[in-house]
Amino acid sequence: MEIFSRPKLGVALWTLRQMPLAESAPLVAQMQYDGVVLPFTQIETAAHSAQILQENQLTCFALTPNPVDLAHPDTAVRQPAIAHVQEVIETAVTLQTPLVTIRNLPGRIRPVASKEEEMLVWETAVTHLSTFAAERSIQLAVDVVNRYESFLCTKTAETLTMLTRLNQPSLGLTLSAFHMNLEEQDAGATLRAAGDKLALFYMADSNRQAIGEGHLKLGLHLWALEALPDVPIILECLPEGGDPFGQGVDENGRNRILECLKTSRSWF
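Residue 1 is where the sequence shown starts when you use the working numbering, and the numbers rise one by one after that.
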């Protein structure tokens, strides 16, 4: 009899905002997730974070940098951004985390100079950081996000074209069911096109809440992901409300996120 194993499952801890890792890790473990995507802001020290994850038998699937502008034409803005991502990559080495994800500054939806100029600046920074990461056996992956959050790498096809152009073997991408719902015509075909360049997949329903609570046909995503069993599926749920991106998620919002995570986990 053929046995099918379930995918590796994780939680994007940025959604819990200011909850310390020492508090969030036991909750994630109790819900029987395998690991987390950890924001750099939640790392007190790499050694302490590694200890917490080990105690809770969780894998750190990826680190995410602070919001920085890698495509800004002003070197006074861009160079500190590059230096920050390099610091995150060095931390990933200490944490034995295999992946660092990057995107341009969230919310910057238009260029300061021109799109062509800033695309070149962006690609130069990505190439440099990918080489820096590869030298340390860390993979770098570009987040593909919707056009209401960025003007760069908003579609999978254009991002794959960029990866081909840059020709960095360890450079990949991440996709999100939420962003794909806005930008892609065929979720399954998009995931199949990404293929072995897909480093990580973020999942939530159309309203960015639990699987089954929106209108997305997430079975199409999961079916396509069966061919990519090493790609972790990361739940990225947010509560209702006018400002889910505020500095803090209140107790009700946090409880709602935890409900979404429990519901989503029951699908696997």
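Backbone N, C-alpha and C define an ideal beta-carbon position, used for all residues, glycine too. Computed from a predicted structure; not experimentally measured.
Simplified DSSP assignment, three categories, for Asp143: Within the sequence shown, residue 143 is the residue found at index 143, counting from 1. In the structure shown, Asp143 sits in a strand (DSSP, three-state: E or B).
Exposure of Phe4, with buried meaning 16 or more beta-carbon neighbours within 10 Å: For the purposes of this step, residue 4 is taken as the residue at position 4 of the sequence shown. Interpretation of Phe4 is limited by its pLDDT of 48, a score under 50 that renders its predicted location unreliable; the figure taken from the coordinates is listed afterwards. Per the 10 Å Cβ criterion, exposed.
Phe268 versus Pro229 - alpha carbon distance: What you label residue 268 is simply residue 268 of the sequence shown in a count that begins at 1. What you label residue 229 is simply residue 229 of the sequence shown in a count that begins at 1. Approximately 14 angstroms, taken between the alpha carbons.
Inter-residue Cα distance where the pair is Thr127 and Pro98: The residue given as residue 127 occupies position 127 in the sequence shown. The residue given as residue 98 occupies position 98 in the sequence shown. For Thr127 and Pro98, the distance between alpha carbons rounds to 18 angstroms.
Short Cβ contact (7 angstroms threshold) for Ala125 with Leu70: If you number the sequence shown from 1, residue 125 lands on position 125. If you number the sequence shown from 1, residue 70 lands on position 70. Contact: yes.
C-beta contact flag for Leu175 and Val142 at 7 angstroms: The residue you call residue 175 lines up with position 175 of the sequence shown. The residue you call residue 142 lines up with position 142 of the sequence shown. Cβ atoms of Leu175 and Val142: not closer than 7 angstroms.
For Ile43, three-class secondary structure by DSSP: Counted from its first residue, the sequence shown places residue 43 at position 43. The answer is coil: DSSP assigns Ile43 none of H, G, I, E or B.
Cut-off 8 angstroms between Cβ atoms - residues of its own chain near Glu2, not counting five sequence neighbours on either side: On the sequence shown, position 2 is the one that residue 2 refers to. Because Glu2 carries a pLDDT of 40, less than 50, the predicted location of this residue cannot be relied on, and the following value inherits that uncertainty. Here the set comprises nothing.
Contiguous alpha helix (DSSP H) assignments of at least 4 residues, all confined to the segment 7-40: 21-30
Exposure of Asp74, with buried meaning 16 or more beta-carbon neighbours within 10 Å: Within the sequence shown, numbered from 1, the residue matching residue 74 stands at position 74. So Asp74 ends up on the exposed side.
8 angstroms CB neighbourhood of Asn56 in its chain, flanking five on each side removed: As a position in the sequence shown, residue 56 is number 56, starting the count at 1. Excluding sequence neighbours, Asn56 sits near Ala25, Pro26, Val28, Ala29.
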